[in-house]
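Heads up, the thing below is written out as structure tokens.
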Ligand code: S3P
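Residue numbers (this note's numbering): 22 to 453.
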């Protein structure tokens with residue numbers, strides 16, 4: 022993909038349905054009894070993998086009028102799949118389905134693509150085994166073979182690293198376990214879409230947030246009832262356009278119907294601390310998730326310096342860090358990102374990929390095990406590497422818009438994982 026620099030961004034748009042919420046909508050409506058209609062389901066390959074796995078487990082899912090109809094089978098209605106369940110590139114699919122499959126009285130195998138096959142799974146294997154399932158992995162990595170148990174027991178589990186995928190996998194298993202399962206996160210509360218969606222489907226769970234520790238408890242077993250769901254636009258996809266509009270003077274962009282869950286919006290505060298003007302409007306709630314419009318105006322002044330992102334601040338913006346590193350190169354003091362070692366364990370090693378691409382564009386960057394330090398730079402067009410990673414591709418497309426000269430990104434079609442129309446939507450709002 023070739024990307025030419027842009028003069029400004031102007032327009033009004035919507036982004037595809039939220040990827041995180043869509044995975045949960047499909048899985049939780051499959052676990053419920055009855056038929057649920059999901060509107061604005063995510064269009065990317067990751068959520069399609071979740072749907073394909075659920076179909077292979079005997080769940081009837083059809084598409085009608087742009088909606089998805091899921092005929093829930095109840096938590097004991099899944100059928101064993103003869104073939105391995107292919108999670109593609111999606112860690113969310115693998116870790117959350119593992120939680121569902123732990124409580125089934127059959128054996129399942131979860132596989133993924135080359136990237137997913139390198140990602141750590143002990144974090145989900147350990148709690149599911151503590152609940153009574155047997156999970157075989159390849160030295161802690163996929164494939165996972167899950168020998169389910171219909172007599173799972175509740176556990177109290179403190180997540181060693183905050184992770185919404187693991188928290189969700191344990192909560193989904195807890196629906197089938199006898200007793201109160203407690204999951205706690207002490208460093209940072211990860212996205213809470215599963216908690217919200219379970220409540221939307223009638224589950225009783227309690228949440229406490231005290232003294233820096235978040236605890237969610239679910240008294241199992243619990244049965245869910247079908248319910249329609251409307252999915253807001255994906256704020257993590259919107260983030261790229263918000264950044265582009267903020268960076269290019271005289272821009273004016275409105276993104277409607279975008280999810281504004283507080284566990285996902287921390288990057289907006291970082292943008293604001295850099296001097297960008299971002300306003301939210303028409304904030305409301307649908308299907309137990311907040312959403313609204315985002316309005317961004319192009320910067321009028323040079324960006325300000327937010328010198329360091331570390332500790333819980335970097336954990337809360339983990340998916341946006343490559344993009345924030347690009348913004349960091351545009352601040353007078355540069356930016357240091359620390360405590361972000363998890364970034365090396367995503368769809369690709371996002372620290373290495375970000376450092377490499379920023380250097381290719383002429384920035385001086387120091388790489389640390391847990392982050393990087395980016396010096397201020399006038400970026401120049403370059404040959405960029407996606408690493409087959411959708412978020413790296415989109416972050417460096419934005420970098421290419423503000424660079425001097427044309428850039429080229431290899432394998433840019435990997436955006437299909439979360440945002441198949443990313444380049445078309447971008448072209449519709451870019452002025453050159
Ligand atoms: C996700 C959780 C996060 C995030 C990923 C989606 C989710 O991963 O990075 O893009 O939908 O629960 P971790 O659970 O590994 O932190």
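From the three backbone atoms N, C-alpha and C, an ideal C-beta is built for every residue, glycine too.
Please return the same chain residues whose Cβ sits closer than 7 Å to the Cβ of residue i, not counting the five positions on each side in sequence.
{"i": "residue 323", "result": "353"}
{"i": "residue 121", "result": "48, 52 and 193"}
{"i": "residue 168", "result": "128, 154 and 155"}
{"i": "residue 217", "result": "309 and 310"}
{"i": "residue 117", "result": "44, 48, 186, 189, 190 and 193"}
{"i": "residue 176", "result": "148, 151, 152 and 202"}
{"i": "residue 293", "result": "299"}
{"i": "residue 457", "result": "Since the displayed the chain opens at 22 and closes at 453, residue 457 lies outside it and no answer follows."}
In the DSSP assignment, find the unbroken beta strand (DSSP E) run with residue i in it and report its ends.
{"i": "residue 200", "result": "200-206"}
{"i": "residue 326", "result": "Premise fails: residue 326 is in no beta strand (DSSP E) and is neither H nor E."}
{"i": "residue 398", "result": "That residue, residue 398, is in no beta strand (DSSP E); it is neither H nor E in DSSP."}
{"i": "residue 272", "result": "It is not in any beta strand (DSSP E) - residue 272 carries neither H nor E in the DSSP assignment."}
{"i": "residue 177", "result": "177-179"}
{"i": "residue 185", "result": "Residue 185 -> not in any beta strand (DSSP E); alpha helix (DSSP H) instead, spanning 185-195."}
{"i": "residue 81", "result": "81-85"}
{"i": "residue 129", "result": "128-132"}
{"i": "residue 241", "result": "234-241"}
{"i": "residue 231", "result": "226-231"}
{"i": "residue 166", "result": "162-168"}
{"i": "residue 156", "result": "155-159"}
With a threshold of 7 Å (Cβ to nearest heavy atom), would residue i be considered close to ligand 1?
{"i": "residue 187", "result": "yes"}
{"i": "residue 391", "result": "no"}
{"i": "residue 184", "result": "yes"}
{"i": "residue 340", "result": "yes"}
{"i": "residue 367", "result": "yes"}
{"i": "residue 212", "result": "yes"}
{"i": "residue 112", "result": "yes"}
{"i": "residue 44", "result": "yes"}
{"i": "residue 41", "result": "yes"}
Helix, strand or coil for residue i? Go by DSSP, reduced to three states.
{"i": "residue 341", "result": "helix"}
{"i": "residue 410", "result": "coil"}
{"i": "residue 29", "result": "strand"}
{"i": "residue 57", "result": "strand"}
{"i": "residue 301", "result": "strand"}
{"i": "residue 440", "result": "coil"}
{"i": "residue 425", "result": "strand"}
{"i": "residue 307", "result": "strand"}
{"i": "residue 316", "result": "strand"}
{"i": "residue 372", "result": "helix"}
{"i": "residue 389", "result": "strand"}
{"i": "residue 97", "result": "coil"}
{"i": "residue 280", "result": "strand"}
{"i": "residue 377", "result": "helix"}
{"i": "residue 148", "result": "helix"}
{"i": "residue 17", "result": "Outside the modelled stretch of the chain, which goes from 22 to 453, sits residue 17, for which no answer is possible."}
{"i": "residue 209", "result": "coil"}
{"i": "residue 138", "result": "helix"}
{"i": "residue 102", "result": "coil"}
{"i": "residue 336", "result": "helix"}
{"i": "residue 116", "result": "helix"}
{"i": "residue 143", "result": "helix"}
Which same chain residues end up closer than 6 Å to residue i when comparing Cβ atoms and leaving out the 5 residues on each side of it in sequence?
{"i": "residue 179", "result": "205"}
{"i": "residue 429", "result": "23 and 404"}
{"i": "residue 171", "result": "126"}
{"i": "residue 35", "result": "254, 277 and 278"}
{"i": "residue 396", "result": "355 and 385"}
{"i": "residue 244", "result": "none"}
{"i": "residue 130", "result": "105, 164 and 166"}
Ordered along the chain, which non-local residues of its own chain (more than five positions away) have a Cβ less than 8 Å from that of residue i?
{"i": "residue 242", "result": "96, 196, 197, 198 and 199"}
{"i": "residue 161", "result": "141, 142, 143 and 146"}
{"i": "residue 433", "result": "22, 407, 414, 418 and 444"}
What residue does the alpha helix (DSSP H) around residue i start on, and which one ends it?
{"i": "residue 288", "result": "287-294"}
{"i": "residue 443", "result": "443-450"}
{"i": "residue 40", "result": "40-52"}
{"i": "residue 71", "result": "66-77"}
{"i": "residue 216", "result": "214-221"}
### Query
How about the stretch 307-316 and the stretch 278-287: do they share at least three Cβ pairs that are nearer than 8 Å?
yes
### Meets three-Cβ-pair contact criterion under 8 Å: the stretch 129-148 and the stretch 208-215
no
### Stretch-stretch touch, CB-based, cutoff 8 Å, three pairs: the stretch 381-399 with the stretch 342-359
yes
### Query
Contact between the stretch 402-420 and the stretch 433-450: three or more CB pairs below 8 Å?
yes
### Message
Counting beta carbon pairs with one atom in the stretch 367-377 and one in the stretch 330-347, are three or more of them shorter than 8 Å?
### Response
yes
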